[in-house]
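**Student:** Submitted below is the structure of interest, expressed as structure tokens.
There are 4 protein chains.
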Amino acid sequence: MKIGLVKANFPGERRVPLLPKDIKDFKNEILVEEGFGKFLDIDDQEYSDKGCHILSRAEVFAESEAIFSLKLIQPTDYYHLREGQMIIGWTHPFGSGQSFMKEQALPKKLIVVDLDSNSPCIYYENEIFESGIPKGLLYKNSFYAGYAGVLDALLQYGLIPTEETKIAILGSGNVAQGAFSSISKYSSNIRMYYRKTMSIFKENYTKYDIIINGIEIGKDDDPILSFSEQKSLKKGTLIIDVAADAGNTIEGSHFTSIDAPIYENAGKYYYVVPNTPSLIYRNVSQELSKILSENIFRKDCSRFIEKVKPLNK
Amino acid sequence: MKIGLVKANFPGERRVPLLPKDIKDFKNEILVEEGFGKFLDIDDQEYSDKGCHILSRAEVFAESEAIFSLKLIQPTDYYHLREGQMIIGWTHPFGSGQSFMKEQALPKKLIVVDLDSNSPCIYYENEIFESGIPKGLLYKNSFYAGYAGVLDALLQYGLIPTEETKIAILGSGNVAQGAFSSISKYSSNIRMYYRKTMSIFKENYTKYDIIINGIEIGKDDDPILSFSEQKSLKKGTLIIDVAADAGNTIEGSHFTSIDAPIYENAGKYYYVVPNTPSLIYRNVSQELSKILSENIFRKDCSRFIEKVKPLNK
Amino acid sequence: MKIGLVKANFPGERRVPLLPKDIKDFKNEILVEEGFGKFLDIDDQEYSDKGCHILSRAEVFAESEAIFSLKLIQPTDYYHLREGQMIIGWTHPFGSGQSFMKEQALPKKLIVVDLDSNSPCIYYENEIFESGIPKGLLYKNSFYAGYAGVLDALLQYGLIPTEETKIAILGSGNVAQGAFSSISKYSSNIRMYYRKTMSIFKENYTKYDIIINGIEIGKDDDPILSFSEQKSLKKGTLIIDVAADAGNTIEGSHFTSIDAPIYENAGKYYYVVPNTPSLIYRNVSQELSKILSENIFRKDCSRFIEKVKPLNK
Amino acid sequence: MKIGLVKANFPGERRVPLLPKDIKDFKNEILVEEGFGKFLDIDDQEYSDKGCHILSRAEVFAESEAIFSLKLIQPTDYYHLREGQMIIGWTHPFGSGQSFMKEQALPKKLIVVDLDSNSPCIYYENEIFESGIPKGLLYKNSFYAGYAGVLDALLQYGLIPTEETKIAILGSGNVAQGAFSSISKYSSNIRMYYRKTMSIFKENYTKYDIIINGIEIGKDDDPILSFSEQKSLKKGTLIIDVAADAGNTIEGSHFTSIDAPIYENAGKYYYVVPNTPSLIYRNVSQELSKILSENIFRKDCSRFIEKVKPLNK
């Protein structure tokens, strides 16, 4: 199958999801946009040495049966998408990708292969199909979200924590584990709270200098840190939301960005930058490329078409 | 109340639970055995400067109404214990302290104030009383068990882990968090598994170079790593049981000691050293002394007698 | 003596050189600009509680006999400076402070007390006087320049180094030591080169993925990494100049800034951000305030006038 | 040439200097003692799969033209050595290997190829020949001496350093750099002193909680820490001599061992364990094997005979 890889144009995105060294025994033809490897100083020649075709962005879209885009396809590329094309990547069909599904996927009968960690499925003509992609394939990406987000937040806040800095981490999933690993380089004065021990956090939350959130709560769940609780935090407390669950777990919080990563409200500081794995894109690209090559690019991607075949006659 | 502090004689125990700098406004008289601070280079004079009485071991036992012993009182001291004396410390009444309870506590009507993290209670004449001591008072000690145990195990095994070393941590409680924090100094190639994700561990456990256990399972629970599963681990895999739950979570494993910390079985290596917080006694003593001074030694300890008063008429 | 402390207006400067908790037994009157502690969430009230006078910027300049300014006084404040006033801080009289000396210090007969690490002297009417300030008083600031600069550079470059990343550090002084300490959190694949071993670096420099410079060479010294040597570095090599010795040690390199910290040239990346200690201002302020309180603010600063008294009749 | 590799019998030595994965295109025949890879769980079969001959210890000595022994050949093996045999390894001809040179090398006309970092030479019949081995080939071993020695010393002393722990490192060579990298995982409150700044150390040495020595001074040099200076150190100060320069740099200090690593003298603690790289033998073996394969085992070792040929007619 012809798979097209285009340069990321998602704001702040610098990860390169396929590296020449991992291109081995691919049962797919790979079309790569000129300068695809630029962020990692990889020349086009290195991709063509591995049998890839180097084309312009438009040509890649035009000649590919499937487009791999790590992040959501941006509106500026909508006009490239052709009827029946396959899209592989994080598409967040029930989240930030809803408008893409409505405006592009449905009308153009796109075959959307979503790499969501918990339910990697195929979305086609309002139906959901099992994809055969292992669950948690890219779990480490969430780990990196916590890992890189904490480091960036600390530097932007201007503090290297020490054993004197009291640190709470909410959640014990991959994002929280990445945050825990990252901040452990500097301090072991950390306590990780999860469902069973959250009551202890509620009794002690005002003691913390840094509170790191790694939890995405459900729409109807109560926030873990309400407005009033935030008010009783110490002056100067730093809240790092590496789950980027803006406004939910930390009531009233809003997104920040890589260029303006921290805002202050009533003497507390909030870091709610999304897409933080891209901060350490040189590490993450290595891992992504290895996993995607083994699980997506190596085997013929027409296998995903067969999954939706009956509808796709 | 007269509280006696004697030098630790529990094998390998070097923590000093009370430091002169924390002795302020104590509503108790403190009797300290000569050389009590020796492990931390604290002279007897520094204790007497703070109003403590420096006595021989026998005199401390003889003149104290309550004996503080961080670890279980050892048989060699049984003969010192007098009728109705109070014992404060970790006494493990349902675990390793059962024989102490049977042979000493009951017959001598001792008032046993147990500092157990989850249920800090008073045991007196076969009855259990609420102690008023906050739960999780010494939670950080479990954290240190994981923290120090992992570091010691790595050095004994001869490996500083890198990003190439695949590491699994079982559990997300304090012991597991200490282990996670400790090994994060060297690698972020870590995944922490807990109840909800243990099935993923079961599918992947053979990939790991190091498996760290931070879980104490119940008597009737299945082991998390059975004999057969251990057989299919990679040659040279290191299993660090910082919960020191010998024979349970890791089927068939047995205790090791600080002097002989690792044994090999079928090409796998096992570290099951108990009491690992004592490895970094210089850090832990600081924390213990502060917490115990605030929560145990400052207020009059006769408060514990009042808790059991009706029976103690 | 009346000492005035005004908010930093040096680009990117966020350190607060005096904290209320360190104000004890000062033989000087302290005048503080409103909002002086803002970066560290310290209210004006906390300074007035310690006997400081809270004034507007203009009033501080107007009423102070000495102005403490950590960084060079900026042109926008020149008009505030009065004849015979004392300036205490880093004034770089032979470096970036030359124009200040010429335009302000000399004509207004300012008494300039320079806190330079190697030669902390007083400059007054073209004469240089010994200050009595201990050498190396603020050596740790250079350490932090290396420490924070490396961390920021890595995040901007998008890489957390591992044991696979080959790292060279040039120099063994305080800046180089800070860089060494910082990057050691992530990798031990480091070699520090100094005068005696620089020849070994010259034989091996093309093997390195990251080259960190902690050396300020003399005006007439050869660069340590010439244009041609830079050309033969690996594609993607990151050069972090935490000595910010732009154009000297690394031939042809130029300053970058906190907002645009890295530039690429022929596939190599250059980070040459000056004033990096300010990146971790929350840590550095604590240390600065303690040292400055003990060595500058506590004793009567008129002692510096006496040093230049004969001329100042 | 036939090269024999025997199991280490140097006290505490666990490094395995050749791993099967590095055996490629060797121009030498390799004879390996049974169980040679045991410490790293490498079976004899893995060596024979790579063309090695698996023999008893005696057979290896009997059939090899050259014996590779990382550490000094022990007296228990002297009787194996045959006239004219080659010995490759660290032989310390002017240090601990003097008796070996006198009792074995000279009388049996052994060709001793010493892997000393600064002067890798061949010693044959009282003559010294250039070996062609690059200088600093195994420099990283000294780095590991500092790295592992510091970690072991801290654990034996019972302290994980924090930012409150004042740490001095003497020297800026490879051993000192390893120590610096190791302790930087836990604290950045470190200052490295070398020739130019040693005077500053002499003015401040009593402030330090931990003093790490990475310097081997010359026989006639004054100690860096004299008896009297040691007396004025703080009670409980830990002195870690990872240069293991017992009795010289730290006046009066004596060797300790892995089993009894620390002694106390007048309230100060001394760690002077030699051969500390072997503590982390699993890391160091990987590095040693790669470097030795490339620089020693790959090319025909008879090249060393040719270096001494005229004498060896």
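Quick note, the sequences are listed as chains A, B, C and D, same order. Every position in the first sequence, counted from 1, becomes a number in this note's numbering once 769 is added. Every position in the second sequence, counted from 1, becomes a number in this note's numbering once 769 is added. Every position in the third sequence, counted from 1, becomes a number in this note's numbering once 769 is added. Every position in the fourth sequence, counted from 1, becomes a number in this note's numbering once 769 is added. No residue lacks a Cβ here, since even glycine has one placed at the ideal position from N, Cα and C. This one's a predicted model, so the numbers in the text were calculated from it and none came from an experiment.
Check the Cβ-Cβ distances between F863 of chain B and every residue of chain D, and say whether any is below 9 Å.
**Tutor:** Not one chain D Cβ lies under 9 Å of F863 of chain B.
**Student:** Given a cut-off of 9 Å on the beta-carbon distance, is the pair A827 of chain C and I856 of chain C in contact?
**Tutor:** Not in contact: A827 of chain C and I856 of chain C (Cβ atoms no closer than 9 Å).
**Student:** Using the Cα positions of V944 of chain C and D990 of chain B, report the straight-line distance between them to the nearest angstrom.
**Tutor:** Using only the alpha carbons, I get a separation of about 55 Å.
**Student:** Are the CB atoms of A948 of chain D and V1011 of chain D nearer to each other than 9 Å?
**Tutor:** Cβ distance < 9 Å, so A948 of chain D and V1011 of chain D count as in contact.
**Student:** Name, please, each residue of chain A whose Cβ falls closer than 9 Å to the Cβ of D921 of chain C.
**Tutor:** The contacting residues are L924.
**Student:** Please check the pair I980 of chain B and A937 of chain B, which I expect to be a contact at CB under 8 Å, by giving their CB distance rounded to whole angstroms.
**Tutor:** Contact holds; Cβ gap of about 5 Å.
**Student:** Our contact map puts L939 of chain D next to T845 of chain D with C-beta atoms below 8 Å; I'd like the distance itself, whole angstroms only.
**Tutor:** 36 Å between Cβ atoms; not a contact.
**Student:** If you follow the beta strand (DSSP E) that G773 of chain B is in, where does it begin and where does it stop?
**Tutor:** Counting along the chain, the beta strand (DSSP E) containing G773 of chain B begins and ends at K771 to L774.
**Student:** Going by the DSSP bridge assignment, what does L800 of chain D pair with across the sheet?
**Tutor:** L800 of chain D is bridged to D:G773 and D:H822.
**Student:** Are the beta-carbon atoms of G806 of chain A and L824 of chain A separated by less than 9 Å?
**Tutor:** Not a contact, by the Cβ cut-off of 9 Å.
**Student:** Identify every residue that forms a DSSP beta bridge with A835 of chain C.
**Tutor:** Partner(s): C:I772 and C:M855.
**Student:** Have a look at S1058 of chain B and D791 of chain B and give me their C-alpha separation to the nearest angstrom.
**Tutor:** Near 7 Å, if we compare the C-alpha coordinates of D791 of chain B and S1058 of chain B.
**Student:** Mind checking if T860 of chain D is an interface residue toward chain A, Cβ cutoff 9 Å exclusive?
**Tutor:** With 9 Å as the cut-off, T860 of chain D does not count as an interface residue toward chain A.
**Student:** In this structure, does DSSP put I1049 of chain A in helix, strand or coil?
**Tutor:** Helix, per DSSP.
**Student:** Give the interface partners of I929 of chain B over in chain D, defined as CB-CB distance under 7 Å, in chain order.
**Tutor:** Those within 7 Å of I929 of chain B in chain D are I1049 and N1052.
**Student:** Nearest CA to the CA of G987 of chain C: which residue from C:R783, C:D1014 and C:A917?
**Tutor:** Among C:R783, C:D1014 and C:A917, the Cα nearest to that of G987 of chain C belongs to C:D1014.
**Student:** Would K1004 of chain A and T975 of chain A be called neighbours here (beta carbons separated by less than 9 Å)?
**Tutor:** The answer is no: Cβ separation not under 9 Å.
**Student:** Mapping the DSSP letters down to three states, classify R964 of chain D as helix, strand or coil.
**Tutor:** Three-state DSSP puts R964 of chain D in a helix.
**Student:** Return the residues of the segment 894-918 of chain A that lie within a Cβ-Cβ distance of less than 7 Å from chain B, sorted by chain order.
**Tutor:** Within the segment 894-918 of chain A, the residues whose Cβ lies closer than 7 Å to some Cβ of chain B are G905 and Y916, listed in chain order.
**Student:** With a floor of 3 residues, list each beta strand (DSSP E) that falls wholly inside the segment 926-950 of chain D, ordered by position along the chain.
**Tutor:** Here the runs fully enclosed are 936-939.
**Student:** For the beta strand (DSSP E) containing Y1032 of chain C, list its first residue and its last residue.
**Tutor:** Per DSSP, Y1032 of chain C belongs to the beta strand (DSSP E) from I1031 to N1034.
**Student:** Taking I981 of chain C as part of the beta strand (DSSP E), name the residues at either end of that continuous run.
**Tutor:** That run of the beta strand (DSSP E) goes I979 to N982.
**Student:** Between which two residues does the alpha helix (DSSP H) carrying D1010 of chain D extend?
**Tutor:** Segment L1007 to D1010 is the beta strand (DSSP E) holding D1010 of chain D; no alpha helix (DSSP H) there.
**Student:** Within a Cβ cutoff of 7 Å, which residues of the same chain sit near I959 of chain A, ignoring the five residues on either side of it in sequence?
**Tutor:** These residues qualify, in order along the chain: I936, I938, F949, I952 and S953.
**Student:** So, do the segment 877-891 of chain D and the segment 900-908 of chain D have three or more beta carbon pairs nearer to each other than 8 Å?
**Tutor:** Flag = yes, the segment 877-891 of chain D and the segment 900-908 of chain D touch.
**Student:** Under 8 Å by Cβ, that's how I've got S865 of chain B and L841 of chain B pegged, so tell me the actual separation to the nearest angstrom.
**Tutor:** With a Cβ gap of about 6 Å, S865 of chain B and L841 of chain B count as contacting.
**Student:** What are the residues in the segment 944-972 of chain B lying within 8 Å of chain D by C-beta distance?
**Tutor:** Cβ contacts with chain D: K954 and Y955.
**Student:** For F863 of chain A, count neighbouring C-beta atoms within 10 Å of its own C-beta (all shown protein chains included) and say buried if the count is 16 or more, exposed if not.
**Tutor:** Exposed.
**Student:** On the premise that G1036 of chain A lies in contact with D1069 of chain C, defined as a C-beta separation below 8 Å, what is that separation, rounded to the nearest angstrom?
**Tutor:** Between G1036 of chain A and D1069 of chain C the Cβ distance is about 36 Å, and since that is not below 8 Å, they are no contact.
**Student:** Given this structure, state the Cα-to-Cα distance separating N1052 of chain D from Q867 of chain A, to the nearest angstrom.
**Tutor:** If I take the Cα positions, the gap works out to 50 Å.
**Student:** From the beta carbon of E933 of chain A, is the nearest beta carbon of chain D less than 9 Å away?
**Tutor:** Interface residue, yes.
**Student:** Between which two residues does the beta strand (DSSP E) carrying K1037 of chain D extend?
**Tutor:** K1037 to Y1040 is the span of the beta strand (DSSP E), which, as asked, contains K1037 of chain D.
**Student:** When you compare only the Cα positions, how much space is there between S1071 of chain C and I1009 of chain D?
**Tutor:** Their backbone Cα atoms lie some 45 Å apart in a straight line.
**Student:** What residues in its chain sit with their C-beta under 7 Å from that of K878 of chain C, if we drop five residues either side in the sequence?
**Tutor:** Same-chain partners within the cutoff: E852, G853 and E894.
**Student:** When you compare only the Cα positions, how much space is there between Y962 of chain B and S1001 of chain B?
**Tutor:** Computed Cα separation, rounded: 19 Å.
**Student:** Among the candidates C:T931, C:D921 and C:N1064, whose CA atom is the shortest distance from the CA of T1025 of chain C?
**Tutor:** Among C:T931, C:D921 and C:N1064, the Cα nearest to that of T1025 of chain C belongs to C:D921.
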